[in-house]
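Okay, so the sequence shown: first residue is 314 according to my numbering, each after it adds one.
Virtual Cβ for every residue (Gly too), placed ideally from N, Cα, C.
Nothing here was measured: the structure is a model prediction, and the numbers come from that model.
To keep things clear, I will list the structure first and then write my remarks on it.
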Amino acid sequence: MRLGVCYYPEHWPEDRWTVDAQQMAQLGIDCVRMGEFAWSRFEPEPSVYDWAWFDRAIDTLHAAGLGIILGTPTATPPKWLVDRMPDMLACDEHGRPRRFGSRRHYCFSHAGYRAECRRIVSEMTQRYGRHPGVVMWQTDNEYGCHDTIESYSDAAQSAFRDWLKRRYTDIQSLNSAWGTVFWSQEYRSFDEIDAPAATVTEANPSHRLDYQRFASDQVVSFNREQVDLIRTHSPGREITHNFMGAFTAFDHHKVGADLDLATWDSYPLGFLDLSPVPEEMKQTWLRQGHPDFQAFHHDLYRGCSPKWGVMEQQPGPVNWAPYNPAPLPGMVRLWSLEALAHGADLLSWFRWRQAPFAQEHMHAGLLRPDGEAAPAFDEAGQVARDLTHIDGTHTTPAKVAVIFDYEGQWTHMIQPQGAGMDLLRQTFEAYMALRSLGLSVDILPQSAALADYALIILPGLPIVDETLAQQLTSGQQTVLILPRTGSKTDQFHIPDALPPHRLQDLAGLTVTRVESLRPSIRETVTWQGTEIEVVNWRETVELANPEQTNILARFEDGSPFWLQQDRVHYMTGWLEPFSASLAFDHVAKQAGLETHALGLSLRLRQLGEITFAFNYGLETLSLDTVVPETARFCLGGLDLPPAGVAAWRS
Ligand code: GAL
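This is the structure we're talking about:
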């Protein structure tokens, strides 16, 4: 795993650059990301470029032995550009333009802005593409940050109509796909169609799903334009984009397919504070972050691209959550090593030095604003030393696959049918249950090859495609299907023969009724003498082959909850987290997997032959029950202190 840091030479006097570069190299840093917000310095006036200062910055860092990751600056178009082309601004759903003065103020569909992006990226890649210090490129910065995927500008409207024409060819196909006969929504031509915004009550869900698909495709093609230029002018350099946490507004699998390495920006404390979890949970993990949130995204983004990494790792308090606590001592190291344990190729801290001005002046760095070391500085150095004990190992596929899909997430978001229910949340909850059993997990798209997995979990994927259905039907793996799987067609209809649609034969059942449950409702199910609890969702099913279906658990009224037909399990309700761990443990053991009851704070991850253990809690934990006698420790030992990391070969 390479270590990196995000650096903004334009924020600091030039005579400090050499000091910074040497300090970075001494700390054990391998590469530096920069440039992604510097358009106004690269091109202060239209077509007047000033690269000289950036040449010197790159040369200074390169001379210290550091590799350079160059960000294209298209997330921050300068003021002169916006003034020349005001209709490039993205618009909110009432058509109001978003204004200049922060960042990401562009519409992905604006042809003129696209041309400007190609121009600045061509200039930049031609100038630096073959520089020996340049090792990687990052396209733009965090597509979608600050709610910027959907735009309702004129440019977006017209691009949407073109997109619909390509998808449906004739308007009658669109009318039937969207069911526009309902409420007299029928269209006579593609030019009559608006974006699904500011309607009186909810817009047509098929219309909304197509708008999301369109908006996502705009991101894919925007990114691809930059990727193509970089590949032309900077051969042999890797290309990445930095994704975000809990963010699903575009299809990361599709963007990831054009990248060499998917990276993401990991802010464990900021995310926890912003997330809709109960206050008590925020308190428990206040300075550590949620024990599964980081790992979940590592595994999700590993499934998006051949390699993956963390481009921005939180080093201390951030500025953007309602409350911004400091990490527990040791946590910056733990988060960094956890990325390693999940097979990261790059771990880069954001940022090198806290800026004393502008929007993020309260955001910590490895250095304080006065240039002295902040608490994370020593932890970063410790990570570099730790890495010398863990060499020559890379990740191998896990035995458990969880299938996640962006279209599925949009489908649930557009029509949740139960407040707070969405595919990302369901996937995360299934993932938490698996992690609490000590299992390593891959989170994969529907198209992934699944033959080598022992257990495959579908946590409510509404649109199951043919490829996945066929793989599951012809495979030998244990499959666990959770409620809402196969509940929609790709046109957002209920399948003709009802859910679970293409998995009906595999599961041996038909879902005939669904209901969502208020948060206060808990339905008890008795399984092997233990009571487990169903929350949020409940389905009624009819069995295709009652004599071949084993009913492992029933609701109090006798209706089936947990059904098993051969190697396929189906649950007709959503389990609360502790119950999910118990039930998944049973399924995992049937799939031949070894599990551990880890409790809340301890987490394990397998990296090749090495097992890692992480303590997210505030008490020292003993690893007695999980470490085999033959183990040889490369990091830590049997007692794992708070924020402690251990790693062993066995
Ligand atoms: C990220 C972004 C960075 C910086 C950081 C602050 O979302 O990519 O530029 O703003 O957050 O935590």
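Straight-line Cα distance separating residue j from residue i
| i | j | result |
| --- | --- | --- |
| G799 | L917 | 32 Å |
| D523 | D372 | 47 Å |
| A959 | F690 | 21 Å |
| S829 | D755 | 29 Å |
| F421 | N454 | 13 Å |
| V827 | D460 | 32 Å |
| K392 | G492 | 44 Å |
| H566 | D328 | 43 Å |
| D818 | V494 | 32 Å |
| E617 | N928 | For the record, residue 617 in the displayed sequence is Cys; it is not Glu. Cα to Cα, the separation comes out at about 28 Å. |
| A926 | E942 | 16 Å |
| R440 | G378 | 20 Å |
| P890 | F584 | 20 Å |
| G442 | H546 | 5 Å |
| E907 | A901 | 8 Å |
| E651 | P688 | 19 Å |
| H882 | E685 | 57 Å |
| D683 | W325 | 11 Å |
| N849 | W887 | 6 Å |
| I462 | F556 | 13 Å |
| I923 | A893 | 27 Å |
| A671 | A677 | 13 Å |
| E692 | P635 | 26 Å |
| A654 | D605 | 13 Å |
| C344 | W840 | 53 Å |
| V568 | Y719 | 12 Å |
Anticipated Cβ contact below 8 Å, residue i with residue j, distance rounded
| i | j | result |
| --- | --- | --- |
| A516 | A469 | Not quite, the Cβ-Cβ distance comes to about 15 Å (not below 8 Å), so this is no contact. |
| L660 | S649 | 5 Å |
| R646 | Q667 | Their Cβ separation, rounded to whole angstroms, is 19 Å, which puts R646 and Q667 out of contact at 8 Å. |
| W450 | I543 | 5 Å |
| E323 | I433 | At roughly 16 Å, the Cβ-Cβ gap does not stay under 8 Å, so E323 and I433 are not in contact. |
| I506 | R526 | With 8 Å as the limit, I506 and R526 do not qualify as a contact, their Cβ atoms being about 14 Å apart. |
Sub-8 Å separation of residue i and residue j beta-carbons
| i | j | result |
| --- | --- | --- |
| A866 | V838 | yes |
| P796 | G821 | no |
| R346 | I382 | yes |
| I770 | Q790 | no |
| L781 | Q759 | yes |
| S519 | F805 | yes |
| L953 | L931 | no |
| L582 | G558 | no |
| M401 | G425 | yes |
| P710 | D765 | yes |
| G949 | A697 | no |
| P390 | W352 | yes |
| H375 | G317 | no |
| L599 | P638 | yes |
| Y282 | E429 | Residue 282 lies beyond the range of the chain shown here (314 to 963); nothing can be said about it. |
| T561 | L574 | no |
| S753 | Q919 | yes |
| R521 | I727 | yes |
| C404 | Y465 | yes |
Distance cut-off 7 Å: residue i Cβ against heavy atoms of the ligand GAL
| i | result |
| --- | --- |
| F670 | no |
| N536 | no |
| N454 | yes |
| D460 | no |
| V568 | no |
| V631 | yes |
| E673 | yes |
| N637 | no |
| H554 | no |
| D586 | no |
| F741 | no |
| E625 | yes |
| H676 | yes |
| Y580 | yes |
| F355 | no |
| F663 | yes |
Neighbour-count burial assignment, residue i, 16 or more Cβ in a 10 Å radius
| i | result |
| --- | --- |
| E807 | The sequence shown places Ile at residue 807, rather than the Glu named in the question. When all chains shown are included, I807 counts as exposed. |
| T513 | Thr is not the amino acid found at residue 513; the sequence shown has Val there. V513 should be labelled exposed. |
| T576 | buried |
| Q539 | buried |
| I834 | exposed |
| N858 | exposed |
| N536 | buried |
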